[in-house]
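Participant:
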Amino acid sequence: MLAVEVAKVLNEPADVAKAVRGGVRVEASWREVMQLNLHIRLAQRVLVQLADQPYHVEDDIYEAANDVAWEAWFTPRETLRVDITAQHSPLKSLNFAALRVKDGVVDRLRSTCGTRPDIDTSHPHVRVHVHLDATHVTLYIDTSGEPLFKRGWREDKGDAPLKETLAAAMIAATGWDARTMPLYDPCCGSGTVAIEAAQIACNIPSGLQRRFGFSNLLPFQSHVWDGLLDQAHAGVISGPSASGEILVFGSDVSHRMVDFADRNAHRAGVTHALHLRGGDALQRTPPTEAMGILLLNPPYGERIAAAGVAGERAADRAEGRSDGRRQPNRHADRQQEHVWREAAQVDGGEDSGEGDAFFDRLATHWKQHFGGWQAWLLTPDMKLPGKMRMKASRRVPMWNGPIECRLFRFDLTAMGKRHGE
Ligand SMILES: C[S@@+](CC[C@H](N)C(=O)[O-])C[C@H]1O[C@@H](n2cnc3c(N)ncnc32)[C@H](O)[C@@H]1O
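Read in order, the letters of the sequence shown are residues 12 to 432 in the numbering used here.
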């Protein structure tokens, strides 16, 4: 998916980018490096490779770092941070290896420029990345700075927000057509999926609201960057989508979350392009007459338990009531979420009866009201199709941070009449 996106951003043939360990490799000009940073939605960083050579011991790594012409990339006035990753490296201490790279860079700048840069691990101007495999050390300069999932618009976060890059990968996996097809996240939380989708519908580049590390590097030319920004602004669709209709929808049972999503959408410049509202996914009917895509990472486990009708039943059980009577002041979202989470813990988390009941009821609700839609759910729960009593037509492996997930696709067969809102 990433290779395809890179080729699209660069307007090159599909095979221009090659998949490599943890990413893709492409030959690009400096202007294209900036273009990638501005537009790419699926990548975490854009790195420029500066060295790749064999090593045996730490001193070889020092030499590799010392041989790079860092003086062509940044001055000693910039602060520096070195990050290291490794796979099958024979070296005992990665920290020590990173230290040797730092020494190599600093010594090089001292000998060519007369002074050395300071180290700043929290807010560095320049980041150098090192990768060690069993035989080779590879050095990169980072042109992104803060990782690219930080788009600059999400200040309000829910309890388990998705990274924007993962939301973008989910959208890409569905093959959503942003010009014509409705996309609806009925458990939208802080709105990550819906806002990414709305930006795609409006052709707003992922990086339009943020700064990049490349502006601290010597090859940076502000007039080239300004030209790219002008081009990007000119390409933004002023309406909600190419068809002029709102195609993106989000809702959440927690009004606090909908509030967060609203504020994030405002910062992302897409309030006109999506429709957000409160409501229980077990009760919400399709937001449009046209059929489209349901795309969500639903509540799961102890941290984010299902709320709404299903949650109330779980809370009732946790509090020892079997008559289904509700507490009078369950309206405050915070309080509600707290009670439901406790309920989920009492129930034993993700495999709780109520958790399963939520998905069973969700499937029934969707079959009744969303016939003809595709539902795509991201979850770490491999048993989800069984809980929904539906057969997944696709299972796309994805990682939510360190958690292995599947993006399941269900084709909802039309049953009865659908109700527009
Ligand atoms: C895993 S979070 C989604 C996070 C979201 N993708 C984001 O990036 O912020 C699950 C969301 O489902 C919501 N939720 C729980 N039960 C629900 C229900 N019955 N109907 C609608 N939303 C529900 C929670 O309030 C929470 O925001």
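Quick reminder that beta carbons are idealized off the backbone N, C-alpha and C, glycines included.
I want to check one thing, is the minimum distance from the CB of aspartate 291 to the heavy atoms of ligand 1 below 8 Å?
Facilitator: Indexing the sequence shown from 1 puts residue 291 at position 280. True, at least one ligand heavy atom lies under 8 Å from that Cβ.
Participant: Using only alpha-carbon positions, find the residue among Trp387, Met192, Ala276 that is nearest to glutamate 300.
Facilitator: Residue numbering aside, residue 300 sits at position 289 when the sequence shown is read from its first letter. It is Met192 whose Cα lies nearest to the Cα of glutamate 300.
Participant: For proline 408, report the span of its beta strand (DSSP E) as first-last.
Facilitator: Along the sequence shown, read from residue 1 onward, the residue named residue 408 stands at position 397. Counting along the chain, the beta strand (DSSP E) containing proline 408 begins and ends at 405–411.
Participant: If threonine 146 sits next to proline 24, beta carbons under 8 Å apart, how far is it from one beta carbon to the other, in whole angstroms?
Facilitator: The sequence position of residue 146 within the sequence shown is 135, counting from 1. The sequence position of residue 24 within the sequence shown is 13, counting from 1. Not confirmed; about 32 Å, so no contact.
Participant: In the structure shown, what three-state DSSP assignment does valine 350 receive?
Facilitator: Numbered from its first residue, the sequence shown carries residue 350 at position 339. Because the pLDDT of valine 350 is 30, which lies under 50, any placement of that residue in the model is unreliable, and the number read from its coordinates should be weighed accordingly. Valine 350: helix per DSSP, three-state reduction.
Participant: If you draw a straight line from the C-alpha of valine 79 to the C-alpha of leucine 150, how long is it?
Facilitator: Here the question's residue 79 lines up with position 68 in the sequence shown. Here the question's residue 150 lines up with position 139 in the sequence shown. One C-alpha to the other measures close to 9 Å.
Participant: Where alanine 279 and asparagine 77 are concerned, what is the direct C-alpha to C-alpha distance, given to the nearest angstrom?
Facilitator: Along the sequence shown, read from residue 1 onward, the residue named residue 279 stands at position 268. Along the sequence shown, read from residue 1 onward, the residue named residue 77 stands at position 66. Rounded to whole angstroms, alanine 279 to asparagine 77 spans 42 Å at the Cα level.
Participant: Among His134, Ser404, Ser254, which has the Cα closest to the Cα of arginine 92?
Facilitator: Locating residue 92 in the sequence shown gives position 81, counting from the first residue. Per the Cα distances, His134.
Participant: Ends of the alpha helix (DSSP H) at arginine 278?
Facilitator: Here the question's residue 278 lines up with position 267 in the sequence shown. That run of the alpha helix (DSSP H) goes 266–278.
Participant: Buried or exposed: which applies to valine 20, given that a residue is buried once 16 or more other Cβ atoms fall within 10 Å of its Cβ?
Facilitator: For the purposes of this step, residue 20 is identified with residue 9 of the sequence shown, where counting begins at 1. Under this definition valine 20 is a buried residue.
Participant: Is it the case that the Cβ atoms of lysine 174 and serine 201 are separated by a distance below 9 Å?
Facilitator: Looking up residue 174 in the sequence shown gives position 163. Looking up residue 201 in the sequence shown gives position 190. Contact: no.
Participant: Would you call the CB atoms of tyrosine 311 and threonine 185 closer than 9 Å?
Facilitator: By 1-based counting over the sequence shown, the position of residue 311 is 300. By 1-based counting over the sequence shown, the position of residue 185 is 174. Contact: no.
Participant: If we require 4 or more residues per run, which alpha helix (DSSP H) segments fall completely within the stretch 125–208?
Facilitator: Within the stretch 125–208, the complete alpha helix (DSSP H) runs of at least 4 residues are 175–185.
Participant: If we count the other Cβ atoms within 10 Å of its Cβ and call it buried at 16 or more, is proline 309 buried or exposed?
Facilitator: Position 298 of the sequence shown, counting from 1, holds the residue named residue 309. Per the 10 Å Cβ criterion, buried.
Participant: How should aspartate 70 be labelled, buried or exposed, when 16 other C-beta atoms within 10 angstroms of its C-beta is the threshold for buried?
Facilitator: Reading the sequence shown from its first residue, position 59 is the one you call residue 70. Exposed, by the Cβ-count rule.
Participant: Considering leucine 240, what are the terminal residues of the alpha helix (DSSP H) in which it resides?
Facilitator: Counting from one through the sequence shown, the residue named residue 240 turns up at place 229. Where leucine 240 is concerned, the enclosing alpha helix (DSSP H) stretches over 233–246.
Participant: Since cysteine 199 and alanine 272 should fall inside the 8 Å C-beta cutoff, what is the C-beta to C-beta distance between them, to a whole number of angstroms?
Facilitator: Here residue 199 corresponds to residue number 188 of the sequence shown, with the count starting at 1. Here residue 272 corresponds to residue number 261 of the sequence shown, with the count starting at 1. Correct: roughly 6 Å between the Cβ atoms.
Participant: Note down the Cα distance separating threonine 296 from valine 112, rounded to an integer number of angstroms.
Facilitator: The residue you call residue 296 lines up with position 285 of the sequence shown. The residue you call residue 112 lines up with position 101 of the sequence shown. Using only the alpha carbons, I get a separation of about 57 Å.
Participant: Pick from Asp26, Thr375, His380, Val407: whose alpha carbon is nearest that of valine 400?
Facilitator: Position 389 of the sequence shown, counting from 1, holds the residue named residue 400. Before going further, note that residue 400 is arginine rather than valine in the sequence given. For the residues Asp26, Thr375, His380, Val407, the minimum Cα distance to arginine 400 belongs to Thr375.
Participant: Rounded C-beta distance between leucine 228 and threonine 176? I'm assuming under 8 Å.
Facilitator: Position 217 of the sequence shown, counted from the first residue, corresponds to residue 228. Position 165 of the sequence shown, counted from the first residue, corresponds to residue 176. Going by Cβ atoms, the distance from leucine 228 to threonine 176 rounds to 23 Å, so no, they are not a contact pair.
Participant: Ordered along the chain, which non-local residues of its own chain (more than five positions away) have a Cβ less than 7 Å from that of isoleucine 395?
Facilitator: Walking along the sequence shown from the start, residue 395 turns up at place 384. Before going further, note that residue 395 is leucine rather than isoleucine in the sequence given. Cβ neighbours of leucine 395 beyond the five flanking positions: Phe370, Leu388, Phe419.
Participant: Taking the straight line between their C-alpha atoms, what separation do you get for histidine 142 and alanine 108?
Facilitator: For this step, residue 142 is matched to residue 131 along the sequence shown. For this step, residue 108 is matched to residue 97 along the sequence shown. C-alpha separation (whole angstroms): 10 Å.
Participant: Does at least one heavy atom of ligand 1 sit under 8 Å from the Cβ of serine 217?
Facilitator: Here residue 217 refers to the residue found at position 206 when the sequence shown is read from its first residue. Checking every heavy atom of ligand 1 against the Cβ of serine 217, none is found closer than 8 Å.
Participant: Under the criterion of a Cβ to heavy atom distance below 8 Å, does leucine 258 qualify as lining ligand 1?
Facilitator: By 1-based counting over the sequence shown, the position of residue 258 is 247. Flag unset: Cβ of leucine 258 not near ligand 1.
Participant: Between proline 310 and ligand 1, is the CB less than 8 Å from at least one heavy atom?
Facilitator: Locating residue 310 in the sequence shown gives position 299, counting from the first residue. Yes, Cβ of proline 310 sits closer than 8 Å to a heavy atom of ligand 1.
Participant: Check this for me: beta carbons of isoleucine 130 and leucine 61, under 9 Å apart or not?
Facilitator: Numbered from its first residue, the sequence shown carries residue 130 at position 119. Numbered from its first residue, the sequence shown carries residue 61 at position 50. For isoleucine 130 and leucine 61, no; Cβs fall outside 9 Å.
Participant: At the level of alpha carbons, what is the spacing between alanine 368 and aspartate 291?
Facilitator: The residue you call residue 368 lines up with position 357 of the sequence shown. The residue you call residue 291 lines up with position 280 of the sequence shown. Distance between the alpha carbons of alanine 368 and aspartate 291 is about 14 Å.
Participant: For the stretch 45–95, which segments carrying the beta strand (DSSP E) assignment without a break, of at least 3 residues, lie completely within its bounds, in sequence order?
Facilitator: You should have 58–65.
Participant: Do the stretch 41–48 and the stretch 233–244 make contact, defined as three or more Cβ pairs closer than 8 Å?
Facilitator: The answer is yes - the stretch 233–244 touches the stretch 41–48, with three or more Cβ pairs under 8 Å.
Participant: If you draw a straight line from the alpha carbon of leucine 219 to that of arginine 52, how long is it in whole angstroms?
Facilitator: Along the sequence shown, one-based indexing puts residue 219 at 208. Along the sequence shown, one-based indexing puts residue 52 at 41. Rounded to whole angstroms, leucine 219 to arginine 52 spans 12 Å at the Cα level.
Participant: Does the beta carbon of serine 262 fall short of 8 Å from some heavy atom of ligand 1?
Facilitator: The count along the sequence shown starts at 1 and reaches residue 262 at position 251. Yes, Cβ of serine 262 sits closer than 8 Å to a heavy atom of ligand 1.
Participant: Starting from leucine 307 and walking both ways along the beta strand (DSSP E), at which residues does that stretch end?
Facilitator: By 1-based counting over the sequence shown, the position of residue 307 is 296. Where leucine 307 is concerned, the enclosing beta strand (DSSP E) stretches over 304–307.
Participant: Helix, strand or coil: which one does DSSP assign to isoleucine 414?
Facilitator: In the sequence shown, residue 414 corresponds to position 403, counting from 1. Strand.
Participant: For proline 413, does the count of other Cβ atoms within 10 angstroms reach 16, so buried, or fall short, so exposed?
Facilitator: By one-based count along the sequence shown, residue 413 stands at place 402. Exposed is the call here.
Participant: Determine the direct distance from the alpha carbon of phenylalanine 223 to that of serine 249, and round the result to whole angstroms.
Facilitator: For the purposes of this step, residue 249 is taken as residue 238 along the sequence shown, with counting starting at 1. For the purposes of this step, residue 223 is taken as residue 212 along the sequence shown, with counting starting at 1. Between serine 249 and phenylalanine 223, the C-alpha separation is close to 25 Å.
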